[in-house]
Amino acid sequence: MTTESVLINRVRQAIADSTPLCIQGGASKSFYGRTCQGEPLDVSGHAGDIRYEPSELVLTARAGTKLSEIETLLAANNQMLPFEPPHYSPGATLGGMVAAGLSGPRRPWGGSVRDAVLGVKLLNGRGEVLRLGGQVMKNVAGYDLSRLMVGALGTLGVLLEVSVKVLPRPADERTLVFELDDDIAAARQIAWGRQPLPLSATLYEAGRLYVRLSGSAQGVQAARVAMGGEETASALWAEVREQTLPLFQTKQALWRVSLPAAAPAMPGENLTEWGGALRWIVSDEPAESIRQHAAALGGHATLFRGHDGMGEVFHPLPPAMLALHQRVKLALDPHSLFNPGRLYQGL
Amino acid sequence: MNSAFQAALKATLPPQSLLIEAEALRPYECDGLSAYRQVPLAVCLPETLEQAQAVLRICLEHQVPVVARGAGTGLSGGALPLADGVVLSLARFNRILGIDADNRLARVQPGVRNLAISEAVAAYGLYYAPDPSSQIACSIGGNVAENSGGVHCLKYGLTVHNLLALKVLTMDGELLEIGAQSLDSPGYDLLALMTGSEGLLGVVVEVTVKLLVKPERAQVLLAAFASVETAGAAVAAIIGAGILPAGLEMMDNLSIRAAEDFVHAGYPVDAAAILLCELDGANAEVSEQIMAVREVLFSAGATEVRTAQDEAQRMKFWAGRKGAFPAVGRISPDYYCMDGTIPRQHLAQVLRRIGELSEQYGLRVANVFHAGDGNLHPLILFDANQPGEMKKAEDFGTDILRLCVEVGGTVTGEHGIGVEKLDAACSQFTAAELAQFHAIKAAFDPAGLLNPGKAVPTLHRCAEMGRMHIQGGALPFPELPRF
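Here's what the structure looks like:
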């Protein structure tokens, strides 16, 4: 029996028994979101079958395939996942990457996980296998349900296969560092954001602004000369992506605040990425006040780490939006089998 | 029209916002796909959000279907009116509400023209990237509905990649805010779901678009090839060399000659195919890439490579490509434009098969191709005044689209299903997939009144047409009765 038919049978059995399922790949992001209530459904065995033609800039693989295996293969062909996804542990899978929808330092310039997803093969809550989207860059046939899976934390179905757009690796990459006060660093980033510079990552922490440039050798060199600063090691970007920096090792509440890039600082900001569009805050402030502040600045706040998994992790939705989310959920998962409560209570 | 319904609309809308006379309705009978025509019951042109909400509520109460319409330039009949329905035109929602240069975004109403956005933000050194060929006329609301593309999709993406937020009215008049000015927002990615939903899920009343910094320089190369196959291989070689062009377009000989006669772009009319390769970025980067691409093109077998000497020549090179459709319109009484996308590795095989089908049907085909992203636009030449020729062209087109699906592609890359490709969609999706789409539609629009009958074919239609997608040898649509 194929690994796919095992999963189909498990879901059909779950429909018959009304047993909710908690989908698990490499468990690398199990801390993310609320606690799921249900029987575990291990999908990590549904792996491999990689289809990859470098000149097509598309890779397709089973959802349980390890992200590390995919990235090694891409690197061997001088290509990459443009959104630089975090792994958090060696078990991270392609399906988990899509379900969590988390993108790394390159996101504002290289696009997000969702931007790169071209199609999925999905096992829905009726036990049906659906091919949504495809393996081509341009495809407007049918509703875009494949991108809907990104960040849905497995609440809409079991991902069986994923097709993503990949990109050539930049020929050259360099990291610059500047010693700047926070307000000057913020203003500098806004100004750079409006110039045609080959930026591919930024990080501000404790008086230091780090900037990564990516592109052709001459393009990077020209920008390096224009921007100034000192060159420094590039290992930092993996450390912030994988959250191995000391800041992320906290036992306190770690907030991920997503804001318009030029929004003013939130109280107690510890680290800023994405040209200002992503702020990390370690804080014991009440959730309500952090969320209100983020919303007032045009963004939202996620309780990323340091919570018990029982309260709301994600920014609460207005009632009409929550109702729509519930209807969308039931359209794909009519028996509410998949990852109940992982995203929001009652979803 | 039911008199209570008409009275309710009249009580809600100012006189200039409600069209009911046959003469006034006529301009709305079709969109850019003029082969399909239908005069609607009425056309509503609300000027305020409240009026638009009221129109939807009245239509819901009277169970009257609503077809939202932007500029009416769509190519698949998505805005084709329904005989018993209302057209909700967003043409008067035409204001740019705000430009935020520091956050590189603009808030605009749906009736704003695509190009008008780039024009309005040009002073800040910014632009809106998606550039469908109709960009001087098409509206951003329509772009959202169709997930419009253009010639720069390989590098800059489609509409879905260049949006931040939408305000949407549901059929019951509820205003939803989807997405945010931040790069992500909580909950499901309804922004992606709304984009390309062809007006079946909601009515877009405000759009926040992402703006990009204008590249320092753009340069275009034109390469000639002695066969379509070598041109196709050159495309793979450019991408294989790690270069991501801003635009990468291919035209075959018939298109080259038609375009040259029309705009005198200086194209090599003897070439079997040409490639246009646009590179953009920082000055130094573009210089470096031009040299690299020239080398790749020559080693891939180009017989000639020209670099535009100045901006005027660059525009000229593009004018030929951008004028390809009207150019073909000059050499044939009618043409039928297809929009399939294929994995590029199958290009040679697909073009060969299109050539065979062309002989079989006795109709000429001009191939214009967004080569970078695999989106084909074969233009089937025919004469609607010749009995049976339109039908022949349609059958030919359906064969081409089926071929695209067979090699792992899709029936529409950027024009949408609309009414035109409903049958073709049957060959792409299984019954379960179509049923899933209908369930999603019902989650947004339980009454089924938003643009009904478009975009997603009914299971019944696919079964009747006998054009269903057979997967794994299983009998398609076993749950449907057969007569």
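The listed protein sequences correspond, in order, to chains W and S. According to our numbering, the first sequence is numbered sequentially starting from 17. According to our numbering, the second sequence is numbered sequentially starting from 18. We put the CB at the ideal spot given by N, CA and C, even for glycine.
Name the chain W residues that come within less than 7 Å of tyrosine 205 (chain S), Cβ to Cβ?
The residue given as residue 205 (chain S) occupies position 188 in the second sequence. Correct list: Leu164, Ala168, His341, Val344.
Helix or strand or just coil, what does DSSP make of histidine 394 (chain S)?
Sequence index remark: in the second sequence, residue 394 (chain S) carries index 377 (1-based). Here histidine 394 (chain S) sits in strand by DSSP.
Rank S:Cys421, S:Leu239, S:Asp101 by C-alpha distance to the C-alpha of alanine 325 (chain S) and give the top, closest one.
Numbered from 1 along the second sequence, position 308 holds the residue referred to as residue 325 (chain S). That would be S:Leu239, whose Cα lies nearest to the Cα of alanine 325 (chain S).
Residues of chain W with CB under 7 Å from threonine 212 (chain S), in chain order?
If you number the second sequence from 1, residue 212 (chain S) lands on position 195. Residues of chain W passing the Cβ test: Asp160.
At the level of alpha carbons, what is the spacing between glutamate 326 (chain W) and glycine 414 (chain S)?
Taking the first sequence and counting its residues from 1, the one referred to as residue 326 (chain W) is at position 310. Taking the second sequence and counting its residues from 1, the one referred to as residue 414 (chain S) is at position 397. First, the amino acid is wrong: residue 326 (chain W) is methionine here, not glutamate. Near 55 Å, if we compare the C-alpha coordinates of glycine 414 (chain S) and methionine 326 (chain W).
Taking Cβ-Cβ distances shorter than 7 Å, what residues in chain S pair up with valine 156 (chain W)?
Indexing the first sequence from 1 puts residue 156 (chain W) at position 140. Result: Glu163, Asn164, Gly213, Thr429, Gly430, Glu431, Gly433.
Could you give the DSSP three-state label for lysine 409 (chain S): helix, strand or coil?
As a first step, residue 409 (chain S) must be located in the second sequence, where it is residue number 392. DSSP places lysine 409 (chain S) in helix when its eight states are reduced to three.
Beta-carbon separation of valine 56 (chain S) and glutamate 46 (chain S) under 7 Å?
Looking up residue 56 (chain S) in the second sequence gives position 39. Looking up residue 46 (chain S) in the second sequence gives position 29. Contact: yes.
Glycine 231 (chain W) lies in the beta strand (DSSP E); which residues open and close that run?
Translated into positions along the first sequence, residue 231 (chain W) becomes position 215. 224 to 231 is the span of the beta strand (DSSP E), which, as asked, contains glycine 231 (chain W).
Alanine 279 (chain W) and glycine 315 (chain W) look like a contact to me (Cβ under 8 Å); what is the Cβ gap, rounded to whole Å?
Counting from 1 along the first sequence, the entry for residue 279 (chain W) is found at position 263. Counting from 1 along the first sequence, the entry for residue 315 (chain W) is found at position 299. So it is a contact: roughly 7 Å between Cβ atoms.
Do leucine 134 (chain W) and leucine 148 (chain W) come within 7 Å of each other at the CB atom, strictly closer than that value?
The residue given as residue 148 (chain W) occupies position 132 in the first sequence. The residue given as residue 134 (chain W) occupies position 118 in the first sequence. With contacts defined by Cβ atoms closer than 7 Å, leucine 148 (chain W) and leucine 134 (chain W) do not form a contacting pair.
Taking only runs that begin and end inside the stretch 192 to 224 of chain S, name each unbroken beta strand (DSSP E) of 3 or more residues, in chain order.
Qualifying beta strand (DSSP E) stretches, in chain order: 192 to 196.
In whole angstroms, what separates the C-alpha of asparagine 286 (chain W) from that of aspartate 65 (chain W)?
In the first sequence, the residue the question calls residue 286 (chain W) occupies position 270. In the first sequence, the residue the question calls residue 65 (chain W) occupies position 49. About 42 Å.
Considering only DSSP beta bridges, list what alanine 347 (chain W) is partnered with.
Translated into the one-based positions of the first sequence, residue 347 (chain W) becomes position 331. BP columns for alanine 347 (chain W) are empty, so no partner.
Of all the CB atoms in chain S, is at least one closer than 7 Å to the CB of valine 136 (chain W)?
By 1-based counting over the first sequence, the position of residue 136 (chain W) is 120. The beta carbon of valine 136 (chain W) does not come within 7 Å of any beta carbon belonging to chain S, so the residue lies off that interface.
Could you name each continuous alpha helix (DSSP H) segment of 4 residues or more that falls completely within the stretch 158 to 184 of chain W, going from the start of the chain to the end?
161 to 164
When you compare the CB of glycine 259 (chain S) with every CB in chain W, is at least one pair closer than 7 Å?
Indexing the second sequence from 1 puts residue 259 (chain S) at position 242. It does; some Cβ of chain W falls within 7 Å.
Since asparagine 164 (chain S) contacts leucine 175 (chain S) with CB under 8 Å, what's their CB separation in whole angstroms?
In the second sequence, counting from the first residue as 1, residue 164 (chain S) sits at position 147. In the second sequence, counting from the first residue as 1, residue 175 (chain S) sits at position 158. About 5 Å separates the two Cβ atoms, so the contact holds.
Among the candidates W:Pro350, W:Asp58, W:Pro36, W:Leu219, whose CA atom is the shortest distance from the CA of cysteine 52 (chain W)?
Sequence index remark: in the first sequence, residue 52 (chain W) carries index 36 (1-based). When only C-alpha atoms are compared, the closest one is W:Pro36.
So, under 8 Å CB-CB, glutamine 80 (chain S) and alanine 464 (chain S) are touching, yes? Tell me the CB distance rounded to an integer number of Å.
The residue you call residue 80 (chain S) lines up with position 63 of the second sequence. The residue you call residue 464 (chain S) lines up with position 447 of the second sequence. Glutamine 80 (chain S) to alanine 464 (chain S), Cβ: 7 Å. Contact.
Cβ closer than 8 Å: which chain W residues qualify as neighbours of lysine 231 (chain S)?
If you number the second sequence from 1, residue 231 (chain S) lands on position 214. In chain order: Pro212.
Is DSSP giving methionine 355 (chain S) helix, strand or coil here?
Within the second sequence, residue 355 (chain S) is the residue found at index 338, counting from 1. Of the three classes helix, strand and coil, the one that applies to methionine 355 (chain S) here is coil, per DSSP.
Measuring CB to CB, does serine 156 (chain S) end up less than 7 Å from glycine 87 (chain S)?
Along the second sequence, read from residue 1 onward, the residue named residue 156 (chain S) stands at position 139. Along the second sequence, read from residue 1 onward, the residue named residue 87 (chain S) stands at position 70. Contact flag set, yes.
Just to confirm the assignment, what range does the beta strand (DSSP E) spanning glutamine 236 (chain S) have?
On the second sequence, residue 236 (chain S) is found 219 positions in, with the first residue counted as 1. First-last of the beta strand (DSSP E) with glutamine 236 (chain S): 234 to 242.
Name the one or two DSSP bridge partners that tryptophan 290 (chain W) has.
The sequence position of residue 290 (chain W) within the first sequence is 274, counting from 1. Residue pairing for tryptophan 290 (chain W): DSSP places it in no beta bridge.
Suppose the cutoff is 6 Å on Cβ atoms and the five residues either side in sequence are ignored; what does the same chain contact list for glycine 489 (chain S) look like?
In the second sequence, residue 489 (chain S) corresponds to position 472, counting from 1. For glycine 489 (chain S), the predicted structure reports a pLDDT of 46, less than 50, and the residue's modelled location is therefore unreliable. A value from the coordinates is still provided. None.
Whole angstroms is fine: what's the gap from alanine 123 (chain S)'s alpha carbon to glycine 127 (chain W)'s?
Counting from 1 along the second sequence, the entry for residue 123 (chain S) is found at position 106. Counting from 1 along the first sequence, the entry for residue 127 (chain W) is found at position 111. Approximately 19 Å, taken between the alpha carbons.
Please check the pair glutamate 255 (chain W) and leucine 261 (chain W), which I expect to be a contact at CB under 8 Å, by giving their CB distance rounded to whole angstroms.
On the first sequence, residue 255 (chain W) is found 239 positions in, with the first residue counted as 1. On the first sequence, residue 261 (chain W) is found 245 positions in, with the first residue counted as 1. About 5 Å separates the two Cβ atoms, so the contact holds.
Counting only beta-carbon separations shorter than 7 Å, does arginine 130 (chain W) have a partner in chain S?
Taking the first residue of the first sequence as position 1, residue 130 (chain W) is located at position 114. Yes, contact with chain S.
Going by the beta-carbon positions, is the gap between proline 214 (chain W) and alanine 233 (chain W) smaller than 7 Å?
Along the first sequence, read from residue 1 onward, the residue named residue 214 (chain W) stands at position 198. Along the first sequence, read from residue 1 onward, the residue named residue 233 (chain W) stands at position 217. Cβ atoms of proline 214 (chain W) and alanine 233 (chain W): not closer than 7 Å.
How many angstroms separate the CA atom of glycine 262 (chain S) from the CA atom of alanine 25 (chain S)?
The residue given as residue 262 (chain S) occupies position 245 in the second sequence. The residue given as residue 25 (chain S) occupies position 8 in the second sequence. Glycine is not the amino acid found at residue 262 (chain S); the sequence shown has proline there. So the two alpha carbons sit approximately 54 Å from each other.
Name the one or two DSSP bridge partners that glutamate 67 (chain S) has.
Reading the second sequence from its first residue, position 50 is the one you call residue 67 (chain S). Partner(s): none; glutamate 67 (chain S) has no beta bridge.
What are the start and end residues of each continuous alpha helix (DSSP H) run of 4 or more residues lying completely inside the stretch 204 to 279 of chain W, in chain order?
If we require 4 residues or more, the alpha helix (DSSP H) runs fully inside the stretch 204 to 279 of chain W come out as 233 to 243, 252 to 257.
Where does aspartate 148 (chain S) sit, in a helix, a strand or coil, going by DSSP?
The sequence position of residue 148 (chain S) within the second sequence is 131, counting from 1. Looking at aspartate 148 (chain S) - three-state DSSP - the assignment turns out to be coil, as it is neither helix nor strand.
Does threonine 320 (chain S) have its Cβ less than 7 Å from a Cβ in chain W?
For the purposes of this step, residue 320 (chain S) is taken as residue 303 along the second sequence, with counting starting at 1. So, not an interface residue.
At least one CB of chain S closer than 7 Å to the CB of glutamine 151 (chain W): is that the case?
Numbered from 1 along the first sequence, position 135 holds the residue referred to as residue 151 (chain W). Yes, glutamine 151 (chain W) lies at the interface with chain S (some Cβ there is under 7 Å from its Cβ).
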